[in-house]
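Here the structure is laid out as structure tokens; the discussion comes afterwards.
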Ligand SMILES: [Fe+2]
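Numbering (this note's numbering), first residue to last: 161 to 452.
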């Protein structure tokens, strides 16, 4: 079978079909998907009712799995494999979580524009999110193209940020949301990571603007000035014309490249059950990605 792509947005994102993700991928499949990811950065696969294990196997074909914030929270989880990240409002006992539960706090942080695990080194390359149970309204996921964001920057800004780097911190979004109750061990579990604001995507050779809400400092700048600038850059990167909005259907699997896009979940009624499962690979040399 071969991959078919249908663009979903003028700049990036495509609906992908023609490959059964539930079966082991051939080298040819892997190559085609990587090439499509390099071009489109977000691929939407409809009607792929994967089990947890099938999703893990699919993801592992691309590289080693990332645990992200699980290294900090170490909460009791309900899913069978620790590499399956439970993007749901369901607690460890299988009930819809209380409104003020830690689970919901994490979900609210997911509603801020971010790149998964940009707060650690190695950071994340691809993430895959699979829809299992959906609420009656809301809960869409939006993606922003950081390559298009860079292309549209004024010359003056490009020159200014060319040699700047930002520090990304795992708990920054939680602190922004008013949650500061962490132990010293939790605060230190993931040391901050530093990433250049301007990067060249290894798969496409395109320059991009690497921002996101995990970024809390610009190295060498006063904090207030850095945060205002980071917030301006983030606003630029997420303006409507750079954004694809995904309306979920059960059985969808959406894969995106965290090195070239940002994403955020949108509001829904947290009294209604919503279950998605995320798997993510680390951006390491042994990952089976494709260079330009
Ligand atoms: Fe995310």
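We put the beta carbon where it would ideally sit given N, CA and C, even for glycine.
The structure displayed is predicted, hence computed values, not measured ones.
The beta carbon of residue 278 sits closer than 8 angstroms to those of 284, 328, 353, 355, 370, 372, 374, 375 and 418, all from its chain and outside the five residues before and after it, given in chain order.
Residues whose Cβ lies closer than 6 angstroms to any heavy atom of ligand 1, listed in chain order: 270, 274, 276 and 423.
Looking from the CA of residue 265, the closest CA among 192, 342, 361 and 337 belongs to 337.
Residue 236 sits in coil when the DSSP states are folded into three classes, being neither helix nor strand. Considering only 193, 301, 289 and 223, the residue with the shortest C-alpha distance to residue 439 is 289. One thing to note: residue 208 has its Cβ within 8 angstroms of the Cβ of residue 413. Proximity of the segment 373-393 to the segment 311-325 meets the contact definition, three or more beta-carbon pairs being nearer than 8 angstroms. Distance from the CA of residue 253 to the CA of residue 238, rounded to the nearest whole angstrom, comes to 7 angstroms. When secondary structure is reduced to three states using DSSP, residue 281 falls in the coil class, being assigned neither helix nor strand. When DSSP states are grouped into helix, strand and coil, residue 318 belongs to the helix group. Inter-segment contact for the segment 399-406 and the segment 301-310 is present: three or more beta-carbon pairs are separated by less than 8 angstroms. With a cutoff of 8 angstroms on beta-carbon distance, residue 433 and residue 293 are scored as near each other. Here residue 243 carries a coil assignment [DSSP, helix/strand/coil].
The C-beta distance from residue 420 to residue 368 rounds to 5 angstroms, short enough to meet the 8 angstroms contact threshold. A distance below 8 angstroms between beta-carbons, with the five flanking residues on each side excluded, links residue 274 to the following residues of its chain, in chain order: 333, 372, 373, 374, 422, 423 and 424.
By the C-beta criterion, the segment 166-181 is judged to be in contact with the segment 191-206, since at least 3 inter-stretch pairs fall below 8 angstroms.
If one requires a minimum length of 3 residues, the beta strand (DSSP E) runs lying completely within the segment 314-394 are 325-328, 353-356, 358-360, 367-369 and 375-378, in chain order. Residue 166 and residue 200 have their C-alpha atoms some 10 angstroms from each other.
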